[in-house]
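*Asks:* The structure follows.
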Amino acid sequence: MVLLLMCFHFVAQVLSEAPPDRPQNVLFDNWQLTWTPATEKHNVTYTVKYQSLKAGIWKDVPTCKRISFTSCNVTFMKTEAEHGCVMMGVMAERHGLTSELAQACSKQGFSCSPEVVLSARPGFLTVHLSRNSGFSLEGYHVKHRIYFGKKGEPFETYDAVSSVSFPEVKEGEHYCASVQYLYFDYLVGVVSCTQCQVIPQSSAATKHLEAIVAVVIVLVILIPLFAYIFLFQRKRIKELLQPSYKIPNHFFLDVRHPYRIPISSDSPTEVCDDISSMDFIKQ
Numbered sequence: 001m002v003l004l005l006m007c008f009h010f011v012a013q014v015l016s017e018a019p020p021d022r023p024q025n026v027l028f029d030n031w032q033l034t035w036t037p038a039t040e041k042h043n044v045t046y047t048v049k050y051q052s053l054k055a056g057i058w059k060d061v062p063t064c065k066r067i068s069f070t071s072c073n074v075t076f077m078k079t080e081a082e083h084g085c086v087m088m089g090v091m092a093e094r095h096g097l098t099s100e101l102a103q104a105c106s107k108q109g110f111s112c113s114p115e116v117v118l119s120a121r122p123g124f125l126t127v128h129l130s131r132n133s134g135f136s137l138e139g140y141h142v143k144h145r146i147y148f149g150k151k152g153e154p155f156e157t158y159d160a161v162s163s164v165s166f167p168e169v170k171e172g173e174h175y176c177a178s179v180q181y182l183y184f185d186y187l188v189g190v191v192s193c194t195q196c197q198v199i200p201q202s203s204a205a206t207k208h209l210e211a212i213v214a215v216v217i218v219l220v221i222l223i224p225l226f227a228y229i230f231l232f233q234r235k236r237i238k239e240l241l242q243p244s245y246k247i248p249n250h251f252f253l254d255v256r257h258p259y260r261i262p263i264s265s266d267s268p269t270e271v272c273d274d275i276s277s278m279d280f281i282k283q
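Sequential numbering of the sequence shown, starting at 1, is according to our numbering.
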């Protein structure tokens, strides 16, 4: 009875768990495969798989099956693979649940992986392709499968014999590409690792951007300055702008010299007294 309950608990635990995440950063370098665990959980094992030309089936590498290490040497596969070219990948496994296959890529390029260099200029991204001299499938039927697109978006595929330029890419955006050999209609060897480039901006766009930045900086400085003046220095500005004035001297009466009011000769019957002086009181 106890054994039955333990089995039931184990089965319920397995069914309630989710499959592990697939390994990250799977790199192929000189027939040495390395990767980074996607989870810190224990009891996770890894199985390296390969696919040869025209096989279409991923098979286990016998010496790298359910291992706890994060690397594996697959040199012996070089002699067993057709034309010396295989695709490689790694799967994680925990409690009988397996992750998706994480396909390996090559940074350096070798006889079964193309060397790729990206160069960007305003409005264009060029994928420079250089076929290795040691490639064993030389001939007219060897092409390149290019995976190209904006970073963070699904890539589109393009088949080409030599280097390709992609026009109408947006300036200031990241664009990425990876390349794999194509023999007839079959993918061959390890794909190159994804590379990304930022598309530079043209001189006109750069000047336009610089002008916008300059305007923004000026506004950031002037707006607080004008606000301070308007709120706290308005009265002083009015005083400074008020014109200076002075009352001319002839507007004032000199009391030291008496003024006489002339008497009209046309009024002989009118009797008037002479005013000797007048006092003005300033209000």
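Note that CB positions come from ideal geometry on N, CA and C, so glycine has one too.
I'd like to know whether the C-beta atoms of residue 143 and residue 176 end up nearer to each other than 7 Å.
*Replies:* As a first step, residue 143 must be located in the sequence shown, where it is residue number 143. As a first step, residue 176 must be located in the sequence shown, where it is residue number 176. No; because the gap between Cβ atoms is not below 7 Å, this pair is not in contact.
*Asks:* Return the chain-ordered list of same chain residues with a C-beta closer than 7 Å to the C-beta of residue 94, the five sequence neighbours on each side being excluded.
*Replies:* Taking the sequence shown and counting its residues from 1, the one referred to as residue 94 is at position 94. These residues qualify, in order along the chain: 20, 41, 43 and 44.
*Asks:* Relative to the C-alpha of residue 102, which residue among 24, 67 and 147 is closest?
*Replies:* One-based indexing of the sequence shown puts residue 102 at position 102. Out of 24, 67 and 147, 24 has the C-alpha closest to the C-alpha of residue 102.
*Asks:* At the level of alpha carbons, what is the spacing between residue 99 and residue 224?
*Replies:* Here residue 99 corresponds to residue number 99 of the sequence shown, with the count starting at 1. Here residue 224 corresponds to residue number 224 of the sequence shown, with the count starting at 1. In a straight line, the C-alpha of residue 99 is about 58 Å away from that of residue 224.
*Asks:* Looking only at its chain, what residues have a beta carbon closer than 8 Å to the beta carbon of residue 156, apart from the 5 residues adjacent to it on each side?
*Replies:* Here residue 156 refers to the residue found at position 156 of the sequence shown. Once the five neighbours on either side are set aside, the close Cβ partners of residue 156 are 147, 148 and 149.
*Asks:* By Cβ distance, which residues of its chain are closer than 6 Å to residue 189, with the 5 residues on each side in sequence left out?
*Replies:* Position 189 of the sequence shown holds residue 189. Excluding sequence neighbours, residue 189 sits near 85, 112, 113 and 181.
*Asks:* At the level of alpha carbons, what is the spacing between residue 78 and residue 88?
*Replies:* On the sequence shown, residue 78 is found 78 positions in, with the first residue counted as 1. On the sequence shown, residue 88 is found 88 positions in, with the first residue counted as 1. Going by the C-alpha atoms only, they are around 12 Å apart.
*Asks:* In three-state terms, what does DSSP make of residue 173?
*Replies:* Counted from its first residue, the sequence shown places residue 173 at position 173. The answer is coil: DSSP assigns residue 173 none of H, G, I, E or B.
*Asks:* Residue ranges of each beta strand (DSSP E) run of no fewer than 3 residues wholly in the segment 50-105, ordered along the chain?
*Replies:* The qualifying runs are 71-73 and 86-94.
*Asks:* Ordered along the chain, which non-local residues of its own chain (more than five positions away) have a Cβ less than 6 Å from that of residue 198?
*Replies:* Position 198 of the sequence shown, counted from the start, is the residue given in the question as residue 198. Counting only Cβ-Cβ distances below 6 Å, and skipping sequence neighbours, we find 174.
*Asks:* First and last residue of the alpha helix (DSSP H) that includes residue 237?
*Replies:* Taking the sequence shown and counting its residues from 1, the one referred to as residue 237 is at position 237. Element bounds for residue 237: 234-241.
*Asks:* What is the rounded straight-line gap between the Cα of residue 75 and the Cα of residue 48?
*Replies:* Working through the sequence shown from its first residue, we reach residue 75 at position 75. Working through the sequence shown from its first residue, we reach residue 48 at position 48. Distance between the alpha carbons of residue 75 and residue 48 is about 13 Å.
*Asks:* Please report the straight-line C-alpha distance between residue 194 and residue 178, rounded to a whole angstrom.
*Replies:* What you label residue 194 is simply residue 194 of the sequence shown in a count that begins at 1. What you label residue 178 is simply residue 178 of the sequence shown in a count that begins at 1. Approximately 5 Å between the Cα atoms of the pair.
*Asks:* Grab me the residues of residue 211's own chain with a C-beta within less than 8 Å of its C-beta, minus the 5 sequence neighbours each way, in chain order.
*Replies:* If you number the sequence shown from 1, residue 211 lands on position 211. So the list is empty, once near-sequence residues are dropped.
*Asks:* Kindly list the residues whose CB is nearer than 6 Å to the CB of residue 167, restricted to its own chain and excluding five residues on each side of it in sequence; keep chain order.
*Replies:* As a position in the sequence shown, residue 167 is number 167, starting the count at 1. Around residue 167: 124.
*Asks:* With 16 as the cutoff for other CB atoms within 10 Å, does residue 202 come out buried or exposed?
*Replies:* In the sequence shown, residue 202 corresponds to position 202, counting from 1. That one is exposed.
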